[in-house]
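Novice:
There are 2 protein chains.
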Amino acid sequence: MMEHAQEALFRPVRAGNAFEETVERLMQAIRLGVVAPGERLPSERELATRLGVSRVTVREAIRSLQENNYVESRRGRYGGTFVNDVIPKSAPGKEFGDIQDALTLRKVLETGAAETAAGRSLGSAERRGLRVRLEEASTATLAEYRRKDSRLHLAIAEATGSASLTAAVAESRMRVNELLDTIPLLEPNLAHSNAQHERIITSILDGDPLAARQAMAEHLDGTASLLRGFLV
Amino acid sequence: MMEHAQEALFRPVRAGNAFEETVERLMQAIRLGVVAPGERLPSERELATRLGVSRVTVREAIRSLQENNYVESRRGRYGGTFVNDVIPKSAPGKEFGDIQDALTLRKVLETGAAETAAGRSLGSAERRGLRVRLEEASTATLAEYRRKDSRLHLAIAEATGSASLTAAVAESRMRVNELLDTIPLLEPNLAHSNAQHERIITSILDGDPLAARQAMAEHLDGTASLLRGFLV
DNA sequence: CTCCAAAGGTATGTCTGCGAGCCATTGGCG
DNA sequence: CGCCAATGGCTCGCAGACATACCTTTGGAG
Numbered sequence: 308m309m310e311h312a313q314e315a316l317f318r319p320v321r322a323g324n325a326f327e328e329t330v331e332r333l334m335q336a337i338r339l340g341v342v343a344p345g346e347r348l349p350s351e352r353e354l355a356t357r358l359g360v361s362r363v364t365v366r367e368a369i370r371s372l373q374e375n376n377y378v379e380s381r382r383g384r385y386g387g388t389f390v391n392d393v394i395p396k397s398a399p400g401k402e403f404g405d406i407q408d409a410l411t412l413r414k415v416l417e418t419g420a421a422e423t424a425a426g427r428s429l430g431s432a433e434r435r436g437l438r439v440r441l442e443e444a445s446t447a448t449l450a451e452y453r454r455k456d457s458r459l460h461l462a463i464a465e466a467t468g469s470a471s472l473t474a475a476v477a478e479s480r481m482r483v484n485e486l487l488d489t490i491p492l493l494e495p496n497l498a499h500s501n502a503q504h505e506r507i508i509t510s511i512l513d514g515d516p517l518a519a520r521q522a523m524a525e526h527l528d529g530t531a532s533l534l535r536g537f538l539v
Numbered sequence: 308m309m310e311h312a313q314e315a316l317f318r319p320v321r322a323g324n325a326f327e328e329t330v331e332r333l334m335q336a337i338r339l340g341v342v343a344p345g346e347r348l349p350s351e352r353e354l355a356t357r358l359g360v361s362r363v364t365v366r367e368a369i370r371s372l373q374e375n376n377y378v379e380s381r382r383g384r385y386g387g388t389f390v391n392d393v394i395p396k397s398a399p400g401k402e403f404g405d406i407q408d409a410l411t412l413r414k415v416l417e418t419g420a421a422e423t424a425a426g427r428s429l430g431s432a433e434r435r436g437l438r439v440r441l442e443e444a445s446t447a448t449l450a451e452y453r454r455k456d457s458r459l460h461l462a463i464a465e466a467t468g469s470a471s472l473t474a475a476v477a478e479s480r481m482r483v484n485e486l487l488d489t490i491p492l493l494e495p496n497l498a499h500s501n502a503q504h505e506r507i508i509t510s511i512l513d514g515d516p517l518a519a520r521q522a523m524a525e526h527l528d529g530t531a532s533l534l535r536g537f538l539v
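Following this line, the structure appears as structure tokens:
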């Protein structure tokens, strides 16, 4: 019997209870900037359907976000639940192994995504989308940088055309962002990242898979060593 | 709001109910060969703890496996639930998009795993483990090939030292194996695969990440085009 | 030969989460 | 100005899953 593989297969079947998991998803959407401050979340009924949980559970999750001031709800037609400008909260301490694990998975997923995206023939909408996200990230302030950065990286994952790869990247980024939130974000890092983003997107749009992979790998190694330096 | 990214974030929070998910996990362990025919599953109490479900749920899952003749249970000390020799069941029809999605994710994960494993300094136990799995796969009969093949690929994922990457590979393989079970497995494919496995493992043991990635990519492309040919 | 630890088999009461329905509020449209 | 569609707010009963406890079987150790 393969002892090590069992750890993967016999891990817990549920990430948590439905409520906690729902909170986590909504937090992801907010922290990754998929729903930006001022924008509206899908309606409770729609979220319940899409997340596969009851509306009661969705409401409990939203209530807890309200209590932490992440969102505000308004009733009536054209009402809804709107995202506030939020202060990212810091994560609890992590083990070295966890960090290494998260970074390993991220590198595999994101370099693979960049290579795959570069190897596809992208539609004009996708090409435009990538350029827009790049522009957004490059003009972002320190406060909004993490969110804009995530949007760009998610856009790259989407450009692979694989929904499950996009989901995996989103989850992976969430894990890594928790770690990144605990360390300072400095202007020089930001400028450096922007230059790397530029290379990555250019390589993808030029249809150069190897260059895209290489550029993404360097980009990720930057933040990875930053993380290891600060947290270990 | 990023419409496409929402599809990933707002996907259902639970893969299914606890019972179905538990059945799925046990099936994975059996179909991937992590627990081989004749071997014993962990005890019900242990599975309940590790999977994070109640023993009642574990028992219901095991019962349904018994009814489908995948396992047999024996009472008493040194009893337990033992894996039978099973006939792989065929999967229901899939959409082309699903196939593409599964193959894209698999390629990203497994080429990344091969490269990462080759870039690490492996312990002697890990090196030996890889050689053993390679040997097992190369001497496998047609009937046991899929299982031995999966064991080898999982061993490569484990060699990255990343538990979450291993879990992702296991899940990905499960998806792809469902598809592979619907198409014939031929001797020539098998011989070809063995040669490729040899190259992959040699590259990993030699510490040559690029060669490992390259060899894995070619290996996966082989079955990928086979699949596309048969299923589309 | 006896004991007993460890495994599967069974039963019960509790609680979470779900479904479904209804209420309250709001702002645009006719 | 009144209607009404779409949204959040609320309640109640049911089904699934859980924790816990106890029973039954088995085979090795003493």
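Those protein sequence lines, which keep their order, are chains A and B.
Quick note, the numbering used here runs 307 ahead of the 1-based positions in the first sequence.
Quick note, the numbering used here runs 307 ahead of the 1-based positions in the second sequence.
Just so you know, even glycine gets a beta-carbon here, dropped at the ideal spot from N, CA and C.
So residue 540 (chain B) is in the beta strand (DSSP E); what residue range does that whole segment cover?
Specialist: In the structure as shown, chain B begins at 308 and stops at 539. Residue 540 (chain B) is therefore absent and cannot be evaluated.
Novice: Could you tell me whether the region 450-457 of chain B touches the region 412-427 of chain B, where touching means 3 or more Cβ pairs closer than 8 Å?
Specialist: Touching, no, given that fewer than three Cβ pairs across the two stretches are closer than 8 Å.
Novice: Taking the continuous beta strand (DSSP E) assigned at residue 381 (chain A), which residues delimit it?
Specialist: Per DSSP, residue 381 (chain A) belongs to the beta strand (DSSP E) from 378-381.
Novice: Using the C-alpha atoms, what's the distance from residue 425 (chain A) back to residue 513 (chain A)?
Specialist: Looking at the two C-alpha atoms, the distance is approximately 7 Å.
Novice: In angstroms, rounded to a whole number, what distance separates the CA positions of residue 445 (chain B) and residue 517 (chain B)?
Specialist: If I take the Cα positions, the gap works out to 23 Å.
Novice: I'd like to check one pair, residue 368 (chain B) with residue 362 (chain B): are the Cβ atoms closer than 7 Å?
Specialist: For residue 362 (chain B) and residue 368 (chain B), no; Cβs fall outside 7 Å.
Novice: I'd like to check one pair, residue 510 (chain A) with residue 524 (chain A): are the Cβ atoms closer than 7 Å?
Specialist: Cβ atoms of residue 524 (chain A) and residue 510 (chain A): not closer than 7 Å.
Novice: State yes or no: is the C-beta of residue 347 (chain A) within less than 7 Å of the C-beta of residue 404 (chain A)?
Specialist: No; because the gap between Cβ atoms is not below 7 Å, this pair is not in contact.
Novice: Kindly indicate the opening and closing residues of the alpha helix (DSSP H) around residue 369 (chain A).
Specialist: Residues 362-374.
Novice: Under 7 Å, CB to CB, which of the residues in the region 422-435 of chain A have a partner in chain B?
Specialist: Per Cβ criterion, the list reads 423.
Novice: What are the boundary residues of the alpha helix (DSSP H) that residue 463 (chain B) is part of?
Specialist: Start and end: 449-465.
Novice: First and last residue of the alpha helix (DSSP H) that includes residue 337 (chain A)?
Specialist: Note, residue 337 (chain A): alpha helix (DSSP H), 325-338.
Novice: For a contact meaning CB atoms closer than 7 Å, what does residue 387 (chain A) contact in chain B?
Specialist: Within chain B, no residue comes near residue 387 (chain A); the closest Cβ sits about 12 Å away, beyond 7 Å.
Novice: Any beta-carbon of chain A closer than 7 Å to the one on residue 530 (chain B)?
Specialist: No - not a single Cβ of chain A is within 7 Å of the one on residue 530 (chain B).
Novice: Given a threshold of 16 other Cβ atoms within 10 Å of its Cβ, counted over all protein chains shown, does residue 392 (chain A) qualify as buried or as exposed?
Specialist: It is exposed - the Cβ of residue 392 (chain A) has fewer than 16 other Cβ atoms within 10 Å.
Novice: Could you give the DSSP three-state label for residue 352 (chain B): helix, strand or coil?
Specialist: Three-state DSSP puts residue 352 (chain B) in a helix.
Novice: Measuring straight from C-alpha to C-alpha, what distance separates residue 327 (chain A) and residue 447 (chain B)?
Specialist: If you take the alpha carbons of residue 327 (chain A) and residue 447 (chain B), they lie about 45 Å apart.
Novice: So what's residue 480 (chain A) in DSSP terms, helix, strand or just coil?
Specialist: Residue 480 (chain A) falls in the helix class under three-state DSSP.
Novice: Short check: CB of residue 411 (chain A) to CB of residue 429 (chain B), under 7 Å?
Specialist: Cβ atoms of residue 411 (chain A) and residue 429 (chain B): not closer than 7 Å.
Novice: Please decide whether residue 419 (chain B) counts as near chain A, where near means a Cβ-Cβ distance under 7 Å.
Specialist: Yes - at least one Cβ of chain A is within 7 Å of the one on residue 419 (chain B).
Novice: Could you tell me the boundaries of the alpha helix (DSSP H) in which residue 431 (chain B) lies?
Specialist: Residues 431-445.
Novice: Would you mind sorting residue 479 (chain B) into buried or exposed? The rule is 16 or more other CB atoms within 10 Å of its CB.
Specialist: By the neighbour-count rule (16 or more Cβ atoms within 10 Å), residue 479 (chain B) is buried.
Novice: Do residue 462 (chain A) and residue 440 (chain A) have their C-beta atoms closer together than 7 Å?
Specialist: Their beta carbons are under 7 Å apart, which means residue 462 (chain A) touches residue 440 (chain A) by this criterion.
Novice: Going by DSSP in three states, residue 520 (chain B) sits in which element: helix, strand or coil?
Specialist: Reduced to three states, the DSSP call for residue 520 (chain B) is helix.
Novice: Expressed to the nearest angstrom, what Euclidean distance is found between the alpha-carbon atoms of residue 420 (chain A) and residue 382 (chain B)?
Specialist: Each residue's Cα considered, the two are about 49 Å apart.
Novice: Does the Cβ of residue 385 (chain A) have 16 or more other Cβ atoms within 10 Å, making it buried, or fewer, making it exposed?
Specialist: Residue 385 (chain A) is exposed by the Cβ-count criterion.
Novice: Might you give, ordered along the chain, the residues of its own chain that have their beta carbon closer than 8 Å to the beta carbon of residue 529 (chain B), omitting 5 neighbours on each side?
Specialist: Cβ within range, chain order: 496, 499, 500, 503.
Novice: In its own chain, which residues sit with a C-beta less than 8 Å from the C-beta of residue 365 (chain A), not counting the 5 before and 5 after it?
Specialist: So the qualifying residues of the chain are 329, 351, 354, 355, 358.
Novice: Could you work out which residues of chain A lie near residue 378 (chain B), taking near to mean beta carbons separated by less than 8 Å?
Specialist: Near residue 378 (chain B) there are no residues of chain A at all, since even the closest Cβ is about 14 Å away, more than 8 Å.
Novice: So, under 8 Å CB-CB, residue 464 (chain A) and residue 476 (chain A) are touching, yes? Tell me the CB distance rounded to an integer number of Å.
Specialist: That pair is a contact at about 4 Å.
Novice: In this structure, what does DSSP give as the bridge partners for residue 347 (chain A)?
Specialist: Residue 347 (chain A) is bridged to A:389.
Novice: Among A:377, A:443, A:374, which has the Cα closest to the Cα of residue 508 (chain A)?
Specialist: Of the listed residues, the one whose Cα sits closest to residue 508 (chain A) is A:443.
Novice: Whose C-alpha, out of A:438, A:459, A:324, A:344, is nearest the C-alpha of residue 360 (chain A)?
Specialist: Closest option to residue 360 (chain A), Cα to Cα, is A:324.
Novice: Short check: CB of residue 519 (chain B) to CB of residue 408 (chain A), under 7 Å?
Specialist: Taking 7 Å as the Cβ cut-off, residue 519 (chain B) and residue 408 (chain A) do not qualify as a contacting pair.
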